[in-house]
Amino acid sequence: MDKSVTTQKEMGFSGFSPETLDFLSDLNANNNKAWFEAHKPDYQKYLLEPLKNLVTDLGSFMLTIDPYFETRPAVNKTISRIYRDTRFSKDKSLFKSTMWITFKRPGKDWRDAPAYFFEISLDSYRYGMGLYAASPDTMYRFREMIDKRPKEFLEAISFYSKQEIFVVEGEKYKKILFDENMPEEIQDWYQRRNLYTACNRKIDKRLFNRELVDDLIFGFGLLAPFYHFLWKIKLEKTR
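This is the structure we're talking about:
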């Protein structure tokens, strides 16, 4: 074997590069098939390859959170497609200028199941965990579980007040759903139409080296109790 040839697994994730952001910026300005085909090697080298390496380096740890996670470093498994689905969108641009990875259990009905994510775009990156486009029924069950088991919920989010990494996000109901007797630390979670936690960062040096893996492992580990709480809602719904 040629020693100059290093496998993807041997290389590991060493960070994204300035060329990653250059590619996303250029794609955003030249969102057409001819340009993309001409620059496909750049997509594979500067975007797809580091995303695959990031998934590979996180895979073993993610399986300690949930042994049923899909961890194969492949498009449509853990890595988003760069091609946009324009069938039902007013935006007819062909390619995404934001890419992401997800760790979730395989299945067609994962819309109401919790998932971890990392996302990179032109001028920022973010990561976290939560529900993607949760149905009203799932959010009803989420509030119902809080009402019935408030101590269990508070235990699941006990990490939140002790950290400054994640914030609670998701569209809120226009009508306030909680009452004055509800503990303050629950209120912001309770009135969401959709729910996830996210760390939002502008482009910084950690994106360009292996420190990003350490950040994701630490952050995803913090969120694990809340992940398992959300899965209980999913499991009880199917019973």
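Per the numbering used here, the very first residue in the sequence shown carries number -17; after that it's consecutive. Every residue, glycine too, gets a C-beta built ideally from N, C-alpha and C.
In three-state terms, what does DSSP make of residue i?
i	result
G152	coil
P96	strand
K133	helix
E146	coil
Y122	helix
G(-3)	coil
E84	The sequence as given places Thr at residue 84; Glu does not occur at that position. Strand at T84.
K15	helix
Since residue i and residue j are thought to touch, with beta carbons under 8 Å apart, how far apart are those beta carbons, to the nearest angstrom?
i	j	result
L198	L40	6 Å
P207	A138	5 Å
Do residue i and residue j have their CB atoms nearer than 7 Å?
i	j	result
I64	L33	no
Q173	Y155	yes
F85	F141	no
A115	R131	no
A180	E151	yes
P23	V37	no
L177	G110	no
L189	Y107	yes
L104	S7	yes
M127	I215	yes
K78	R66	yes
G(-3)	N182	no
P96	W213	yes
T68	K74	yes
S62	M44	no
Name the DSSP bridge partner or partners of residue i?
i	result
L205	BP columns for L205 are empty, so no partner.
K22	Bridge partners of K22: none, in fact.
F77	Y65
M111	Y98, T179
V57	I61
R174	K154
S106	K184
Hey, could you find the ends of the alpha helix (DSSP H) residue i is sitting in?
i	result
T2	0 to 11
E31	31 to 47
In the DSSP assignment, find the beta strand (DSSP E) that holds residue i and state where it starts and stops.
i	result
N182	178 to 184
M164	Looking at the DSSP string, M164 is not in any beta strand (DSSP E), and its letter there is neither H nor E.
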